[in-house]
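Data first, discussion second: the structure below is written as structure tokens.
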Amino acid sequence: KPQVRAAGAPYLLCLVKYCGVHPLVQQRLKLVQQHFSFMLSEKSEFMQEVASKGIGLVYDMCGDDTIKDELVATLAKGLMSGTIEAPSKMVRPEDENAELFEDGGIKIDDKALGGGNLTTYKELCTVATELGQP
């Protein structure tokens, strides 16, 4: 939905701007650029502006010259061909009981939600549904 993308775009921009040096963000700079590149094709000027600023920030935050070259090549290829691939959606694990977090990784202190620790995708979905945010 366009409204959801328009709401999420500034969050992604802020994440890169204020947390871009974090190793987890650094590992995903190519994916982040893919999302910003896809936003360039939106009709909204707001989205295009956020996307262009985001692409610049991603490039500036990247410390590795080989990755910078890849980022430039990927962006140039997409702009020249006129087709920028939509970023793939994250998929849930095939096994709902697969452990996502180390034991004790996410603790719940709310007695209404049962308390304890979250370790599997299924437990995380159950809590999200109970909170009304699946």
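Numbering (my numbering), first residue to last: -4 to 129.
Even for Gly, the Cβ is constructed at its ideal location relative to N, Cα and C.
Quick caveat: nothing in here was measured; it's all calculated off a predicted structure.
In the structure shown, residue 64 adopts helical secondary structure according to DSSP, grouped into three states. In the three-state reduction of the DSSP assignment, residue 32 falls in the helix class, which pools H, G and I. With a threshold of 16 other beta carbon atoms within 10 Å, residue 16 falls short and is exposed. Annotation for residue 29: 82 place their beta carbon closer than 6 Å to its own, counting only its chain and skipping 5 residues before and after.
The C-beta distance from residue 24 to residue 50 rounds to 11 Å, too long to meet the 8 Å contact threshold.
Assigned with DSSP and collapsed to three states, residue 59 falls in coil, not helix or strand.
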